[in-house]
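Heads up: the sequence shown runs through residues -3 to 601, numbered per my numbering.
Glycine included, each C-beta is placed from N, C-alpha and C at the ideal position.
Read through the structure below, which is laid out as structure tokens, and then see the notes.
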Amino acid sequence: MKTRAFAALALAAIPACSPAITNSSTAFSPDWQNDGGKSIQAVYGKVSGAALPAGTAVAVGVTRDGLVGVGLDGSGKWKAAGRPDTQPSIAGDVVAYTSGGQLVGLDAKSGKQLWSVPAEGRVLRGAGDDGATTVATLGAPGGGGSLLLAVSRDGSVRRKIEPQSVELGVPGAQGDVAFVPWSSQYVSAVDLSSGNEIGRLLLRDQVSHALSVGGKLHFGERGLVRFDDKIGGSASGAANAVKLPERELPGKPVWFTNGANTTPAAAAAREKIRLYARPADTGGKLGIAGGRYAATYFRVVMGLDAADGSLRWVRTYGQDVLGGDAASNGFAFCDATGKVALLDSNGGDAGQADLGSSVQGCVVQAGGFAIPAGKPAGSLPEQLAKAIEVRETEMATAQRFLLRELGAMQEPLVTKALVDLASNPRTPALLLEDARQLLASRRNGAEYMLEALAQHYDFLSDVLRSPPVGPLADALSAMNETKAAGPLAHHLNDAANTPNDIERAARALAKLATAAELGDLKTFFALYRATADEKELVNAVLSVAQALLRVGGDEGKRVVAEAAKDPLTHPDVKAGLANLSPAKSGEKPAPASEPTAADKPAKKG
């Protein structure tokens, strides 16, 4: 391996009782030549026998005054003063953060301070730990200025490296070697005793994180490569690697953000829109634990199939989800109230821990914690409906996504959920239009549709939105549901319905009406054949005329014929009636038209 000294050296910041040392390093040289994975494979041979800690199962929240922590089993609550500059990092059994110009290490179980060293005017990006030494990368608050520190448990700074023109990602450690991602494609293995680079990993995919999961180091960003006996084949794609399925998700969440950037202490939108998954052996290859990964979007957590990305469950919370982690058999999610929800791989409620106060940011480490089997959370349609009901503007993007997922399901219960959504006066206009369009395409759940049509706008009875008459008419007509004829005929003469809904109801009645609906049909025809001043109403009158000709007998034919001659009949209606001919005895009516893309529901105030 060709190398030359590239990293700038500086005095280590160590306790006064320790002698000052000057570090030397050959790490992060740009002149390195690809060795085909030989050096990183040799490093694996060197450190593979060194066990990594499973890591404390803990949630750590950021408050106005500092940090709070609690074990995922609900035990060991603690507090620590000093508000962090950036998001804290849980590394094994250590919580690392910068505050007041210091890099601080806390015991993850008790919150007790282990050490504090100068941060050199920088803030934390991330940290790793091998059970004896914590390695951390820091940077200037505005970006740049990378610094690598290695701190032993007694607080002595074992190594300090300030590379020039190189941005370092989140490091890991094993067997007294730091593994430091940089330049989005390399991971340098730095011997902490000498400060020299003893191996380098070249990845063909984005890499800015080194993390310990299940006693193994992993490297990556968009996907993960495991540090094992196949690591030498990483550049050629022969290493053990895993990625999550690519699919559309609200907010475009990522598994890991760029580790060379800092993450704010108070969670911003990007921290609330994330992917969570745990790499694990599955069927002899690297896969995703439990066959599930999760996506968060503010107050909603979505459980997805690790094989194809299909939606499997949805959980909704009262406040934004700020952080979380994937366990071997489930997930832990921390929200702004300080509650830490535990879910099994199927989204079942497996209990919770409580940080004891509201938090502005939160990080979670599952470690080796075993999440118990949870209580089922109801059917997926019910879960989706609950998430869609959340009345927060920021949730609109996720709710449109979830509504599309709901509409693609075939269960009759989905029809009920769509009916309820389209009938709810609190449903936002954007979701209302989507729900109406999806409802028009349903071909099951007729009982829920008929039940909805029995309702009418009634302020005194607290029915504050008319049912979605038009979409229901389209669907019931396509299903040839003759039981809909009576309710649809009643809605023809309900002034609370929009012209669009009336047009679609009349179109359905041209197909479904029977003699029992003659009274409502004749009333509507008499009221609107002379006053229809909108295209939708003109079409409705003509559809009702078709129904009268089909089921009204001689009386129906007479009513239509007289209207066609009456000078008071609206000209557009009269023109349309001229093209109609009385239905022949025994002739089957023509099928009603299916809704088209232009048949969008009218907005109603």
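Item: In this structure, how does DSSP classify D277 when only helix, strand and coil are distinguished?; Value: strand
Item: Just the C-alpha distance for L351 and K75, rounded to the nearest angstrom, thanks.; Value: 9 Å
Item: Helix, strand or coil: how does DSSP classify Q356 here?; Value: coil
Item: If A469 sits next to A504, beta carbons under 8 Å apart, how far is it from one beta carbon to the other, in whole angstroms?; Value: 4 Å
Item: Can you tell me where the beta strand (DSSP E) with A174 in it begins and where it stops?; Value: V173 to W178
Item: Can you tell me whether I367 is helix, strand or coil according to DSSP?; Value: coil
Item: Restricting to runs no shorter than 3 residues, where is the beta strand (DSSP E) found entirely within the segment 191 to 236?; Value: 193 to 198, 203 to 209, 212 to 217 and 219 to 222
Item: R270 and A285: beta carbons closer than 8 Å?; Value: no
Item: Report the residue from G287, D345, R196 and N254 whose alpha carbon sits nearest the alpha carbon of V238.; Value: G287
Item: Buried or exposed for V56, going by 16 or more other Cβ atoms inside 10 Å?; Value: buried
Item: So, S232 versus L199, is the Cβ gap smaller than 8 Å?; Value: no
Item: For my contact list, L213 and A174 are in at a C-beta cut-off of 8 Å; report their separation, rounded to the angstrom.; Value: At roughly 11 Å, the Cβ-Cβ gap does not stay under 8 Å, so L213 and A174 are not in contact.
Item: Report buried or exposed for P467, applying the criterion of at least 16 other Cβ atoms within 10 angstroms of its Cβ.; Value: buried
Item: Counting only the same chain and skipping the five closest in sequence on each side, list residues whose C-beta sits under 8 Å from that of D497.; Value: S462, P464, V465, G466, A469, H487, P597 and A598
Item: Are at least three pairs of beta-carbons, each pair with one atom in the segment 362 to 370 and one in the segment 90 to 102, less than 8 Å apart?; Value: no
Item: Inspect the CB distances between the segment 253 to 262 and the segment 287 to 301 and report whether three or more fall short of 8 Å.; Value: no
Item: Please go through the same chain and pick out, in chain order, the residues whose beta-carbon is closer than 6 Å to the beta-carbon of K105, but skip the five residues on each side of it.; Value: T52 and G72
Item: Run through the segment 368 to 392 for me and flag every whole alpha helix (DSSP H) of 4 or more residues, listed as ranges in chain order.; Value: 376 to 384
Item: Does the separation of the CB atoms of V153 and V355 fall below 8 Å?; Value: no
Item: Find out if the Cβ-Cβ distance for the pair V569, V534 is shorter than 8 Å.; Value: yes
Item: Report the residue from A474, A431 and E499 whose alpha carbon sits nearest the alpha carbon of A485.; Value: E499
Item: Run through DSSP, which three-state label would G679 get?; Value: A query on residue 679 cannot be resolved here, the shown segment of the chain reaching from -3 to 601 and no further.
Item: For Y313, which three-state DSSP category applies?; Value: coil
Item: G370: which of C358, G347, E378 and A392 sits nearest, CA to CA?; Value: G347
Item: CA-CA distance, E116 and Q315?; Value: 37 Å
Item: Quick check: the Cα distance between R149 and T129, rounded to an integer number of angstroms?; Value: 6 Å
Item: Whole-angstrom Cβ separation of T22 and N257, contact assumed at under 8 Å?; Value: At roughly 26 Å, the Cβ-Cβ gap does not stay under 8 Å, so T22 and N257 are not in contact.
Item: Looking at the unbroken beta strand (DSSP E) that takes in F329, where does it start and where does it end?; Value: G326 to D331
Item: Straight-line CA distance for T85 to A132?; Value: Here the sequence assigns Ser to residue 85, which means Thr is not the residue at that position. Those two C-alpha atoms are separated by around 9 Å.
Item: Please state the DSSP three-state secondary structure of P80.; Value: coil
Item: What is the DSSP secondary structure of A560, reduced to helix, strand or coil?; Value: helix
Item: Near S95, what residues of its chain come up, given a Cβ to Cβ distance below 7 Å and the 5 sequence neighbours on each side ignored?; Value: G78, R79, P80 and D81
Item: Can the beta-carbon of W111 be found less than 8 Å from the beta-carbon of V54?; Value: no
Item: With 16 other CB atoms within 10 Å as the buried threshold, where does N19 fall?; Value: Interpretation of N19 is limited by its pLDDT of 48, a score under 50 that renders its predicted location unreliable; no figure is taken from the coordinates.
Item: Let's test the definition: count the other Cβ atoms within 10 Å of the Cβ of D321 and tell me whether it reaches 16, buried, or not, exposed.; Value: buried
Item: When you compare each of G552, R525 and E217 to G572 by their alpha carbons, which one comes out closest?; Value: R525
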